[in-house]
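In terms of full-length UniProt numbering, the sequence shown opens at residue 1 and continues consecutively.
Structure, as structure tokens:
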Amino acid sequence: MDRLLDFAQANPLLSLALLGLTLAIVYTEIRRLFRGYKAVSPAQLTELINREDALVLDLRGQGDYEKGHIIGAKHVLPSQIEPEGKLLAKAKESPVVLVDAAGITASAAAEKLVKAGFKRIGVLDGGIGSWQSAGLPLAKGR
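Printed below as a string of structure tokens:
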């Protein structure tokens with residue numbers, strides 16, 4: 001412990017940087033625990049589709065969707081997600097998984113659905129890229 005204090009006194013900027021990074025990691029992990037939706041791996045998504053008929057929403061642009069999407073996925077732009085709309089009205093208690101290019105932009109749409117009362121929301125961890133990396137099939141066209 002004495003060596004740690006000596007280091008902190010000798011290197012105040014490094015010590016502050018370490019403290020800042022530690023706090024950022026802790027904050028991120030705590031926020032992830034309470035966000036209301038979870039990251040879903042390609043294997044978990046396959047299981048949700050096969051066992052629970054999960055609704056998969058592809059949030060990428062129309063061109064990317066047509067180049068290749070998860071079989072059975074519905075195309076919808078993030079700005080078009082309506083929790084009370086026809087597509088989602090029956091899915092409040094069912095699993096709904098959002099897919100985007102890299103697993104980043106789907107988070108805002110997931111938060112919107114959680115706030116609207118959806119109980120089982122997931123985001124494909126790593127987006128469509130992780131699906132392809134797992135060697136899982138894609139459908140082309142509409």
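Glycine included, C-beta positions come from ideal geometry on N, C-alpha and C.
Would you kindly work out how many angstroms separate the C-alpha atoms of residue i and residue j, rounded to a whole number?
| i | j | result |
| --- | --- | --- |
| Y65 | V76 | 10 Å |
| G36 | D6 | 42 Å |
| residue 160 | W131 | Here the chain covers residues 1 to 142 and nothing more, so residue 160 does not appear. |
| L13 | L4 | 14 Å |
| T22 | K38 | 23 Å |
| L138 | N11 | 52 Å |
| R142 | N50 | 21 Å |
Can you give me the Cβ contacts of residue i inside the same chain, cut-off strictly under 8 Å, excluding the 5 residues immediately before and after it?
| i | result |
| --- | --- |
| G61 | L77 |
| T46 | L136 |
Comparing C-alpha positions only, which one of the options sits nearest to residue i?
| i | options | result |
| --- | --- | --- |
| K67 | M1, E111 and A101 | A101 |
| V99 | L48, G85, V123 and A89 | V123 |
| D125 | V40, L138 and L4 | V40 |
| K112 | L18, L21 and Q80 | Q80 |
Can the beta-carbon of residue i be found less than 8 Å from the beta-carbon of residue j?
| i | j | result |
| --- | --- | --- |
| V56 | V26 | no |
| K92 | K119 | yes |
| I121 | V114 | yes |
| A134 | P83 | no |
| S15 | A8 | yes |
Apply the 10 Å Cβ neighbour rule to residue i and answer buried if 16 or more other Cβ atoms are within range, or exposed otherwise.
| i | result |
| --- | --- |
| A109 | buried |
| D53 | exposed |
| G72 | exposed |
| R30 | For the sequence presented, residue 30 should be read as Ile rather than Arg. Classification for I30: exposed. |
| G129 | exposed |
| residue 168 | Any question about residue 168 goes unanswered here, given that the chain covers just 1 to 142. |
| L88 | buried |
| A106 | buried |
Using C-beta distances below 7 Å, list every residue in its chain close to residue i, excluding the 5 sequence neighbours before and after it, in chain order.
| i | result |
| --- | --- |
| K90 | none |
Excluding five sequence neighbours on each side, which residues of the same chain lie with their C-beta closer than 6 Å to the C-beta of residue i?
| i | result |
| --- | --- |
| D58 | Y65, H69, A73, H75 and V99 |
| P95 | L48, E52, A54 and R120 |
Would you say the beta carbon of residue i comes nearer than 7 Å to a heavy atom of the ligand SAM?
| i | result |
| --- | --- |
| P137 | You won't find the ligand SAM in this model; it holds no ligand whatsoever. |
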